[in-house]
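S.K.: Sharing a structure, written as structure tokens. Questions coming.
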Amino acid sequence: MSLVADELIRFSSVLRIAYNFLTGRDYLKRKKFREKKKLISVGLPFSDLVYAFPDLIPVFPIRMHEFKIHKYLTYLGSASNIFGWNRVTNFLGFVKDLGIKDISQTVDNIIEDVISTINAKYNEMYDYGEECGVPTDFCYGVKSLYGMNVSKGKNCDANLNYTIRCSAWNKYLESLKAIGNPSKQIWIEVPPRNIGNALELFIDNITKGLEELEKISSYNYNSNTLRDHFRTVNQIHQSYKQILYEIGNADFYPCNPATFSEILALLNISFHDYNSSATRFRDNIISLFNEMKGRITKGIGMDVSKMPKILITPMFGGWEPKTHDIIYELGGRVLYGDWDLLQFLEDIPISNRMDPIEAYAQFLMNANQIGIGCDNNTLTESYVRLARNFEADGLIFIQVFGCHSISNCYTMLKEKLRRELEIPSIAINFNKMGENVEQVKTRLGAFMEMFN
Ligand code: SF4
178 MSLVADELIR
188 FSSVLRIAYN
198 FLTGRDYLKR
208 KKFREKKKLI
218 SVGLPFSDLV
228 YAFPDLIPVF
238 PIRMHEFKIH
248 KYLTYLGSAS
258 NIFGWNRVTN
268 FLGFVKDLGI
278 KDISQTVDNI
288 IEDVISTINA
298 KYNEMYDYGE
308 ECGVPTDFCY
318 GVKSLYGMNV
328 SKGKNCDANL
338 NYTIRCSAWN
348 KYLESLKAIG
358 NPSKQIWIEV
368 PPRNIGNALE
378 LFIDNITKGL
388 EELEKISSYN
398 YNSNTLRDHF
408 RTVNQIHQSY
418 KQILYEIGNA
428 DFYPCNPATF
438 SEILALLNIS
448 FHDYNSSATR
458 FRDNIISLFN
468 EMKGRITKGI
478 GMDVSKMPKI
488 LITPMFGGWE
498 PKTHDIIYEL
508 GGRVLYGDWD
518 LLQFLEDIPI
528 SNRMDPIEAY
538 AQFLMNANQI
548 GIGCDNNTLT
558 ESYVRLARNF
568 EADGLIFIQV
578 FGCHSISNCY
588 TMLKEKLRRE
598 LEIPSIAINF
608 NKMGENVEQV
618 KTRLGAFMEM
628 FN
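Take a look at the structure:
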């Protein structure tokens, strides 16, 4: 067996996650037309309630698009259809049978290809959003989401809309009605502050949201189904954190650091809807962590102990994906941990005695209060906490054009990082992927000089 082929097999969970993301369109078509399931559009990691109903499927709308799929992923996918993913070692025999001899691609190349394919689609959706008249002063994330909903929203039975502290986000959700898709708008308001009876109100809002979903589903709401889903989600959160901290903070990586950043970017985007199957995503992320550990134990990977650790955040509203390659070329390594920053990787406090709706309300309330925060002080604290957890040597702050909610606390943050963690930081403006890469390179060059 060639070394490269061996690597494909030993690192197959990340390829499975990529495959499940990129082949979403076929998967969802099958679910919708053959199995008569209904699709529910979600944005940000707010898909959980949809999983309370066996015939509803959450989808982050970009996944309804067609993606160019790397030929090795296609082979891997075809092999899995025949042999099952667990017997993916048969992949090689399958490829040989097809007469494809040139297995020369490494995992690094394949993952890089996946990320650039997804990002090209994001830019396409951004352009489409603008063409369709989304206000020009909206951020990249909102514009591209708008484009996704205009182009594919008609396939969904409903949009599950959570209102949060960002007014641009809430305006975007409002604008979905005007697109003219037949999908129903289901609203869940997250209270801005946990004061008075806010938690009770929130529990009530979630209950109403579930009632609306129940009207679309052929099943009645069953608290055990939701409780089971939360158990799955807690396992996802745990493995995600292990990858971020046990692997991300280690001195030896299971792959080169640019690939590791790309895997983190892939996890970040797949986390929105767990690629429409939480249990499948859970299995993949658990085996991803185990595969990473296995490679490290065998000494497969790269010594990164001398490479400064740079945290890039926030990136979920849009960021320049070339940044981690540039940092790598300049001798550093990049970590992304936005969902932990926003407390979406905490445990949902379920138990057999606790009502899962209340547990979820508490979980989201915590994310809103401590992660996103109601003011810039709390948000700044979240950035500092993440940098501290990563033991970061430096921080790159993404100043997203049009964002007045999570991107306007840099002055305060810079000062805090300098005073409390004694690490340098830099703010990089972002409007659209691929724009100003040369300028970003120059600024990062100067920044990374500090670590020499
Ligand atoms: S918080 Fe900022 S980046 Fe996120 S949706 Fe609102 S404006 Fe966009």
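Numbers 178 to 629, taken from this note's numbering, label the letters of the sequence shown in order. The beta-carbon is built from N, C-alpha and C at its ideal position, and this holds for glycine as well.
(1) So, under 8 angstroms CB-CB, D570 and N433 are touching, yes? Tell me the CB distance rounded to an integer number of Å.
(2) Which same chain residues end up closer than 6 angstroms to Y587 when comparing Cβ atoms and leaving out the 5 residues on each side of it in sequence?
(3) Using a Cβ distance threshold of 8 angstroms, determine whether the segment 368 to 381 contacts the segment 204 to 224, with at least three qualifying pairs required.
(4) Are S352 and D334 close, meaning C-beta to C-beta below 7 angstroms?
(5) Rank L376, D290, I525, E301 by C-alpha distance to the C-alpha of I440 and give the top, closest one.
(6) Which one of F521, V614, I234 has the shortest CA to CA distance from S395?
(7) Which term fits K486, buried or exposed, when burial requires 16 or more other beta carbons within 10 angstroms of its beta carbon?
(8) Check M531 in the structure and name its three-state DSSP category.
(9) Just mark F214 as buried or exposed, buried being the case when its beta carbon has 16 or more other beta carbons within 10 Å.
(10) Can you name the residues that DSSP bridges to W364?
(11) For the candidate residues K354, F230, V327, K248, whose alpha-carbon lies nearest to that of T402?
(12) With three or more beta-carbon pairs closer than 8 angstroms as the criterion, would you say the segment 555 to 568 touches the segment 477 to 492?
(13) Quick check for students: name the residue ranges of the beta strand (DSSP E) that lie wholly in the segment 286 to 360, counting only runs of 3 or more.
(14) Short check: CB of Y513 to CB of N608, under 7 angstroms?
(15) DSSP beta-bridge partners for N606?
(16) List the DSSP bridge partners of R510.
(17) Can you give me the C-alpha to C-alpha distance between E423 and N554, rounded to a whole angstrom?
(18) Are the beta-carbon atoms belonging to L216 and V236 less than 7 angstroms from one another?
(19) Please determine if the segment 491 to 509 and the segment 610 to 624 are in contact, where contact requires at least 3 C-beta pairs separated by less than 8 angstroms.
(20) With DSSP collapsed to three states, give me the class of D480.
(21) Does the count of Cβ pairs from the segment 533 to 544 and the segment 452 to 467 closer than 8 angstroms reach three?
(22) Among Q576, C316, F624, T313, which one has its Cα closest to the Cα of Y505?
(23) Measure the C-alpha to C-alpha separation of N374 and A536 and round it to an integer number of angstroms.
M.R.: Judging by the given coordinates:
(1) Within the sequence shown, the letter at position 393 stands for residue 570. Within the sequence shown, the letter at position 256 stands for residue 433. Incorrect: roughly 18 angstroms between the Cβ atoms, too far for contact.
(2) Taking the sequence shown and counting its residues from 1, the one referred to as residue 587 is at position 410. Around Y587: F574, A604.
(3) no
(4) On the sequence shown, residue 352 is found 175 positions in, with the first residue counted as 1. On the sequence shown, residue 334 is found 157 positions in, with the first residue counted as 1. No; because the gap between Cβ atoms is not below 7 angstroms, this pair is not in contact.
(5) One-based indexing of the sequence shown puts residue 440 at position 263. Checked all of L376, D290, I525, E301; the closest Cα to I440 is D290.
(6) As a first step, residue 395 is located in the sequence shown; it is residue number 218 there, counting from the start. Looking at the Cα atoms, I234 is the closest of the given residues.
(7) Here residue 486 refers to the residue found at position 309 of the sequence shown. K486 is buried by the Cβ-count criterion.
(8) Start at 1 with the first residue of the sequence shown, and residue 531 comes out as number 354. Note: M531 maps to coil in three-state DSSP.
(9) Translated into positions along the sequence shown, residue 214 becomes position 37. The identity of residue 214 in the sequence shown is Lys, whereas the question assumes Phe. Buried, because 16 or more other Cβ atoms sit within 10 Å of the Cβ of K214.
(10) If you number the sequence shown from 1, residue 364 lands on position 187. Looking at the DSSP assignment, W364 forms a beta bridge with N338.
(11) For the purposes of this step, residue 402 is taken as residue 225 along the sequence shown, with counting starting at 1. Ranking the options by Cα distance to T402, first place goes to F230.
(12) yes
(13) 335 to 340
(14) Here residue 513 is taken as the residue at index 336 of the sequence shown, counted from 1. Here residue 608 is taken as the residue at index 431 of the sequence shown, counted from 1. No, the Cβ-Cβ distance between Y513 and N608 is not below 7 angstroms.
(15) As a working note, residue 606 is residue 429 in the sequence shown. Paired residue(s): Q576.
(16) By 1-based counting over the sequence shown, the position of residue 510 is 333. DSSP, once it has assigned bridges, lists K486 as partnering R510.
(17) Against the sequence shown, residue 423 aligns to sequence position 246. Against the sequence shown, residue 554 aligns to sequence position 377. Each residue's alpha carbon lies about 28 angstroms from the other.
(18) Here residue 216 corresponds to residue number 39 of the sequence shown, with the count starting at 1. Here residue 236 corresponds to residue number 59 of the sequence shown, with the count starting at 1. Going by C-beta atoms, L216 is nearer than 7 angstroms to V236.
(19) yes
(20) As a working note, residue 480 is residue 303 in the sequence shown. If DSSP states are grouped into helix, strand and coil, D480 belongs with the strands.
(21) no
(22) Your numbering for residue 505 matches position 328 in the sequence shown. Among Q576, C316, F624, T313, the Cα nearest to that of Y505 belongs to F624.
(23) Counted from its first residue, the sequence shown places residue 374 at position 197. Counted from its first residue, the sequence shown places residue 536 at position 359. Cα to Cα, the separation comes out at about 16 angstroms.
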